[in-house]
Amino acid sequence: MDASANNIQIALQAVSAIRQQHAATPQLAQASAEVKRFQARRFKATYADLLHSPRYKTAAAFFLHELYSDKDYAERDQQFARIANTIAKLFPQAVVNTAAALAEVHALTEELDNLMAQQWLADKSANPYSNNCARYIRCWRQVEDVAARHRQLEVVLHLGQELNRLTRMLGLRTLLKMMRHPAAAAGLNALQNFLETGFDAFANMRGADEFLRVIEKRETEWIRALFEDETVTCETKLAHLLAAGPAY
């Protein structure tokens, strides 16, 4: 099996185990959804300028909806799992690498969100009248694992770099368009849509370096603040950000 395909399988198995856990514990699934909604609001407020930028808005919206939303990715995951063993035969290596990067981002995000959800559920019981900003900070710090947070950012940036690399491949957009009917016939619509949408989002930027630098700088600062700032300072900063940003 291709190494990238093997990585996809491992990542999807981890996500599947979390889904089974949520199916058996509806309260945990609900807590996970609340964490994801809060994080999507934070992302949308943090990158409000990019989401309204003529150059970057499509890529920013793509990251929001494909990486940071509370969207149900079960259909896409099932499609990935179904073709993981043969993905290297169906797609160019650059596309395979992008799919593997997405799977890694998805698995690590789900694992961290699940740990957050466990803390969130416990915190709601211990602090039922707490606001979500304070609760999020407490849960973040109880989960700890600074290395995993930085790794999460690293793999998100790597996915962006892989998508940017796809846009430099001559003829790939035409190839993706030609694959629509075979993908639909094989039941791979969600995967096909991700590839096409991601390709177009990054192609429209005409270069992703600045976009990815902005994400790296701002997310690195949020990781630092959520771990290191005084609790009241961090809570105030987060509350002001969400109050200033549009509701999600």
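Those letters in the sequence shown? Residues 141 to 388, by the working numbering.
A virtual CB, placed ideally from N, CA and C, is assigned to each residue, including glycine.
Simplified DSSP state of residue i, which is helix, strand or coil
i	result
K211	coil
M391	The structure shown does not extend to residue 391, since the chain spans only 141 to 388, so no value can be given for it.
E328	The sequence given here places Leu at residue 328; Glu does not occur at that position. Residue state, collapsed to three classes: coil.
N225	coil
R308	coil
H380	helix
N146	helix
S270	coil
H162	helix
R195	coil
Q218	helix
Alpha helix (DSSP H) segment containing residue i, residue limits
i	result
D285	From DSSP, D285 is part of no alpha helix (DSSP H); its letter is neither H nor E.
P166	166-186
S265	233-266
Closest by C-alpha distance to residue i, when choosing among the options
i	options	result
V283	D253, R291, V296, L303	D253
E215	R159, N267, A199, T186	R159
V286	Y187, Q149, L366, V235	L366
T349	R305, G327, C374	It is worth fixing the name first, because residue 349 is Asp in this sequence and not Thr. Out of R305, G327, C374, R305 has the C-alpha closest to the C-alpha of D349.
V175	A199, N271, A239, D369	N271
H380	A154, A185, I148	A185
W280	Q179, A326, L152	Q179
V155	Q219, E251, A234	E251
Q118	I223, G300, V245, R275	Beyond the ends of the chain as shown, which are 141 and 388, falls residue 118; an answer cannot be given.
Y196	E368, L352, E356	L352
P322	V372, L230, R222, R177	L230
T337	G327, A325, L303	L303
Y208	P232, R182, T307, T376	R182
A330	T226, R289, I148, D212	D212
Any non-hydrogen atom of the ligand HEM closer than 7 Å to residue i Cβ
i	result
A221	Questions concerning the ligand HEM fall outside what the structure shown contains, since it holds no ligand whatsoever.
Practice task
Any chance you could list the alpha helix (DSSP H) runs of at least 4 consecutive residues sitting entirely within the region 333-371, in chain order?
Solution key: The region 333-371 contains these whole alpha helix (DSSP H) runs: 349-368.
Exercise for the section: For the region 258-268 and the region 335-346, state whether three or more C-beta atom pairs, one from each stretch, are separated by less than 8 Å. Expected result: Contact between the region 258-268 and the region 335-346 is absent, because fewer than three Cβ pairs lie under 8 Å.
Exercise for the section: Examine the Cβ distances between the region 292-300 and the region 350-369 and report whether three or more of them are shorter than 8 Å. Expected result: Cβ pair count under 8 Å is three or more, so yes.
Exercise for the section: Determine, using beta-carbon pairs with one atom in the region 197-206 and one in the region 312-323, whether at least three such pairs fall under 8 Å. Expected result: The region 197-206, when compared against the region 312-323, does not touch it at the 8 Å Cβ threshold.
Practice task
Please confirm if the region 234-245 is in contact with the region 317-329, defined as three or more CB-CB distances below 8 Å between the two stretches.
Solution key: The region 234-245 is not in contact with the region 317-329.
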